[in-house]
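Numbering (full-length UniProt numbering), first residue to last: 1 to 507.
In this text, a Cβ means the ideal position worked out from N, Cα and C, and glycines have one as well.
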């Protein structure tokens with residue numbers, strides 16, 4: 001029997017509670033588990049709950065407790081529908097109990113919806129749970145962030161058309177929004193069906209999804225000044241193997257490298273080089289529509305060169321609708337964010353690396369710390385940018401849904417603008433009538449992108465110096481190195497040069 005802060009906990013059973021043993025687990029919408037209030041009493045009863053009915057009928061001689069339920073509700077400002085009468089023998093316990101209750105954030109079902117008010121026999125807890133979870137699928141979560149820009153803009157346009165009573169625009173906008181939702185659902189289902197098909201047929205297909213996590217502030221402190229000072233960024237590119245379920249996290253800091261298309265391509269090449277594949281294997285890639293990192297000519301050049309060098313038989317890169325991606329990487333990042341809530345302080349990048357390693361117990365994440373020598377320059381990789389297909393149709397790169405490359409046609413990029421559309425050929429091996437130089441070992445001989453340390457913004461360096469006093473000496477090496485690299489330098493670059501490239505393409 002658990003004890004409260006002032007003694008054992010009890011619940012005074014009402015007549016309805018003790019009518020039968022089966023009724024002990026019965027409850028209604030106004031008598032749910034969340035609404036059973038724990039409160040210490042002077043008695044040593046077995047049950048930790050106190051019934052509202054058993055105590056609400058008692059007469060109070062203390063004028064402070066004439067209308068305890070209404071008064072407590074008004075003072076606490078709580079939205080809960082059920083509040084118990086306080087223990088009149090000890091007002092201090094009542095005050096503490098209601099302070100704790102007031103701090104609870106969950107909102108409860110309104111009291112007038114309960115079975116007692118309608119004289120209805122309540123159902124068992126398991127039936128209540130089954131109906132709410134299976135029939136209605138009611139859940140609770142925080143408001144969405146990073147929502148779809150197309151959905152948001154269309155909803156505002158629909159509201160405007162409704163207010164102006166413009167039926168023609170209203171019908172058109174509703175139709176466009178419905179088509180947008182269907183396209184998003186089709187792309188999401190396409191990823192699920194691809195994974196299911198590969199697992200059932202046991203084909204030699206590598207299915208991956210990759211994405212950049214939201215930048216991780218370093219250090220992450222709880223002291224007041226830390227909220228107003230700039231911090232260094234730690235980056236994390238997650239690559240999820242959709243067949244095995246194994247996720248690899250490639251992490252580095254902004255003092256090591258930036259996070260543009262060449263950095264992403266370097267990580268992809270490093271990851272794929274570690275997999276045992278050959279010209280019999282196919283690669284299917286799913287990402288969001290971010291142009292600066294995933295959907296650009298440099299990434300396409302990497303895919304083309306991989307099939308030229310017989311690393312894969314074919315490579316297909318599919319793009320989910322922005323704001324509706326639901327990639328496996330998103331669930332991985334949510335797991336990391338959840339684990340971060342239990343960590344009070346993050347002093348240096350190594351703390352982030354360790355936090356990611358420990359954020360998942362079953363099938364834990366593989367963390368690969370990227371060094372500056374791992375980031376390569378892809379200027380040698382041949383690729384001819386074309387804006388027209390062989391059928392003289394325009395290439396809308398930002399609206400494309402799929403790019404495909406095959407080892408049998410090393411100078412061709414196939415493109416689809418719709419998921420169920422036809423593949424169109426784009427010749428990317430010729431510049432005019434001249435064939436571009438090709439080689440089978442380009443990827444093994446790429447140069448390093450960085451020849452010197454990356455210098456941070458001067459104002460950020462000054463802010464990091466102010467934060468140094470809150471960081472233990474054993475964790476200061478990272479910052480001392482930054483100060484040495486930026487000594488005597490005055491750099492007023494933008495906070496992140498890739499910020500404009502991080503915006504997803506519109507759908």
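field: Sheet register partners of residue 218 (DSSP bridge)
entry: On the chain shown, residue 218 is found 218 positions in, with the first residue counted as 1. According to DSSP, which records beta bridges pairwise, residue 218 is partnered with 232.
query: Where does the unbroken alpha helix (DSSP H) through residue 329 begin, and where does it stop?
result: As a first step, residue 329 must be located in the chain shown, where it is residue number 329. Unbroken alpha helix (DSSP H) run through residue 329: 328-340.
Same chain, Cβ closer than 6 Å to residue 46, five either side skipped, listed in chain order: Reading the chain shown from its first residue, position 46 is the one you call residue 46. Residue confidence for residue 46 is low, a pLDDT of 42 falling below 50, so the modelled location carries little weight; the figure read from the coordinates is stated next. The answer is none, since no qualifying residue turns up.
Counterpart residues of residue 241 in DSSP-defined beta bridges: Translated into positions along the chain shown, residue 241 becomes position 241. Paired residue(s): 208.
query: With a Cβ-Cβ cutoff of 8 Å, do residue 248 and residue 368 count as a contact?
result: For this step, residue 248 is matched to residue 248 along the chain shown. For this step, residue 368 is matched to residue 368 along the chain shown. Contact: yes.
- request: Using alpha carbons as the reference points, say which of 327, 315, 176 lies closest to residue 403.
  value: As a working note, residue 403 is residue 403 in the chain shown. It is 315 whose Cα lies nearest to the Cα of residue 403.
- request: Kindly list the residues whose CB is nearer than 7 Å to the CB of residue 357, restricted to its own chain and excluding five residues on each side of it in sequence; keep chain order.
  value: If you number the chain shown from 1, residue 357 lands on position 357. Cβ within range, chain order: 364, 365, 367.
query: For residue 369, which residues does DSSP report across the bridge?
result: Taking the chain shown and counting its residues from 1, the one referred to as residue 369 is at position 369. Per DSSP, 251.
field: Stretch-stretch touch, CB-based, cutoff 8 Å, three pairs: the region 241-260 with the region 369-377
entry: yes
Residue 124 in three-state terms, based on DSSP: What you label residue 124 is simply residue 124 of the chain shown in a count that begins at 1. Strand at residue 124.
message: Please state the DSSP three-state secondary structure of residue 487.
response: Start at 1 with the first residue of the chain shown, and residue 487 comes out as number 487. Note: residue 487 maps to coil in three-state DSSP.
Residue interval of the beta strand (DSSP E) (run including residue 404): Taking the chain shown and counting its residues from 1, one reaches residue 404 at position 404. Run containing residue 404: 402-406, per the beta strand (DSSP E) assignment.
message: Nearest by alpha-carbon distance to residue 170: which of 478, 157, 132 is it?
response: Taking the chain shown and counting its residues from 1, one reaches residue 170 at position 170. It is 157 whose Cα lies nearest to the Cα of residue 170.
- prompt: So what's residue 223 in DSSP terms, helix, strand or just coil?
  reply: Taking the first residue of the chain shown as position 1, residue 223 is located at position 223. Coil.
- prompt: Is the Cβ-Cβ distance between residue 233 and residue 221 less than 8 Å?
  reply: For the purposes of this step, residue 233 is taken as the residue at position 233 of the chain shown. For the purposes of this step, residue 221 is taken as the residue at position 221 of the chain shown. No. Outside cutoff.
- prompt: Straight-line CA distance for residue 253 to residue 239?
  reply: For the purposes of this step, residue 253 is taken as the residue at position 253 of the chain shown. For the purposes of this step, residue 239 is taken as the residue at position 239 of the chain shown. Looking at the two C-alpha atoms, the distance is approximately 18 Å.
query: Once you ignore the five residues that flank residue 230 on each side, which residues in its own chain have a CB closer than 7 Å to its CB?
result: Along the chain shown, one-based indexing puts residue 230 at 230. Same-chain partners within the cutoff: 459, 460, 463.
Distance between residue 361 and residue 350 (C-alpha atoms, nearest Å): Taking the first residue of the chain shown as 1, we reach residue 350 at position 350. Taking the first residue of the chain shown as 1, we reach residue 361 at position 361. Taking the straight line from one Cα to the other gives about 19 Å.
Same chain, Cβ closer than 7 Å to residue 575, neighbours up to 5 away in sequence not counted: Missing from the structure shown is residue 575; the chain here goes from 1 to 507 and no further.
message: So, under 8 Å CB-CB, residue 204 and residue 279 are touching, yes? Tell me the CB distance rounded to an integer number of Å.
response: As a position in the chain shown, residue 204 is number 204, starting the count at 1. As a position in the chain shown, residue 279 is number 279, starting the count at 1. The pair is not a contact, with the Cβ atoms about 10 Å apart (cut-off 8 Å).
message: Applying the 10 Å Cβ sphere with the 16-neighbour rule, what's the burial state of residue 388?
response: Walking along the chain shown from the start, residue 388 turns up at place 388. With fewer than 16 other Cβ atoms within 10 Å, it is exposed.
message: In whole angstroms, give me the CA-to-CA distance for residue 296 and residue 414.
response: As a first step, residue 296 must be located in the chain shown, where it is residue number 296. As a first step, residue 414 must be located in the chain shown, where it is residue number 414. Near 15 Å, if we compare the C-alpha coordinates of residue 414 and residue 296.
Proximity to residue 486 [Cα-Cα], best of 453, 472, 125: Taking the first residue of the chain shown as position 1, residue 486 is located at position 486. Minimum Cα distance to residue 486 is reached at 453.
- prompt: CB of residue 364 to nearest heavy atom of the ligand MN: below 7 Å?
  reply: Only the bare structure without any ligand can be found here, which leaves the ligand MN out of the picture.
Rounded straight-line distance, which links the Cα of residue 327 to that of residue 352: Against the chain shown, residue 352 aligns to sequence position 352. Against the chain shown, residue 327 aligns to sequence position 327. Near 22 Å, if we compare the C-alpha coordinates of residue 327 and residue 352.
task: Measuring alpha carbon to alpha carbon, tell me which of 344, 290, 346 ends up nearest residue 320.
output: Sequence index remark: in the chain shown, residue 320 carries index 320 (1-based). Checked all of 344, 290, 346; the closest Cα to residue 320 is 290.
message: Just verifying my parser: in three-state terms, what is the DSSP assignment at residue 130?
response: Residue numbering aside, residue 130 sits at position 130 when the chain shown is read from its first letter. Residue 130: helix per DSSP, three-state reduction.
- prompt: In this structure, what does DSSP give as the bridge partners for residue 307?
  reply: Taking the first residue of the chain shown as 1, we reach residue 307 at position 307. Bridge partners of residue 307: none, in fact.
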